[in-house]
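Heads up: the sequence shown is residues 2 to 98, going by the numbering used here.
One structure is given below, encoded as structure tokens.
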Amino acid sequence: CLSKWAYELGLVKEKRFSVETGAGILYPEILENGHVRVDMGKPHLLAEEIPVVGMGKGQVIHQPLINGGTGKTYPITCVSMGNPHCVIFVDDIQSID
Numbered sequence: 002c003l004s005k006w007a008y009e010l011g012l013v014k015e016k017r018f019s020v021e022t023g024a025g026i027l028y029p030e031i032l033e034n035g036h037v038r039v040d041m042g043k044p045h046l047l048a049e050e051i052p053v054v055g056m057g058k059g060q061v062i063h064q065p066l067i068n069g070g071t072g073k074t075y076p077i078t079c080v081s082m083g084n085p086h087c088v089i090f091v092d093d094i095q096s097i098d
């Protein structure tokens, strides 16, 4: 995470500071356990806002995606928090080809 890296290098001294991103200014906070907390804002879930194609115009939540190489189908959720993500849900990560 950029925030933790900047804090550990001493580029910022405060545990809460501002970072300018493509999604706007965010305020990460370095926690005592070394984790970083940041309010990323409201997620964009509509296909046209992410953007993602081939999934219609509505929300892409728990939609089937077929792996062209294996023919297996996985449920996906697409979301943008300033940049697009495709989350693939699996029961066991070790079982993925």
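Glycine residues also receive a C-beta, built at the ideal position from the N, C-alpha and C atoms.
Values in this document were obtained by computation on a predicted structure and should not be read as measured data.
Cβ neighbour criterion (16 or more within 10 Å) applied to residue i
i: Ile31; result: buried
i: Pro29; result: buried
i: Val91; result: exposed
Where the alpha helix (DSSP H) containing residue i begins and where it ends
i: Leu12; result: Careful: Leu12 lies outside any alpha helix (DSSP H) and carries neither H nor E.
Boundaries (first-last residue) of the beta strand (DSSP E) holding residue i
i: Glu21; result: 20–22
i: Leu27; result: 25–27
i: Pro76; result: 74–81
i: Cys87; result: 85–89
i: Ile67; result: 64–67
The ligand SAM heavy atom lying under 7 Å from the CB of residue i
i: Asp93; result: The ligand SAM is absent from the structure shown, which contains no ligands of any kind.
C-beta atoms of residue i and residue j nearer than 8 Å
i: Val80; j: His45; result: yes
i: Ala7; j: Gly83; result: no
i: Thr74; j: Val61; result: no
i: Val39; j: Leu27; result: yes
Whole-Å CB distance - residue i paired with residue j, under 8 Å assumed
i: Gly42; j: Ala48; result: The Cβ separation is near 19 Å, so there is no contact.
At least 3 beta-carbon pairs within less than 8 Å: the stretch 83–94 vs the stretch 60–75: yes
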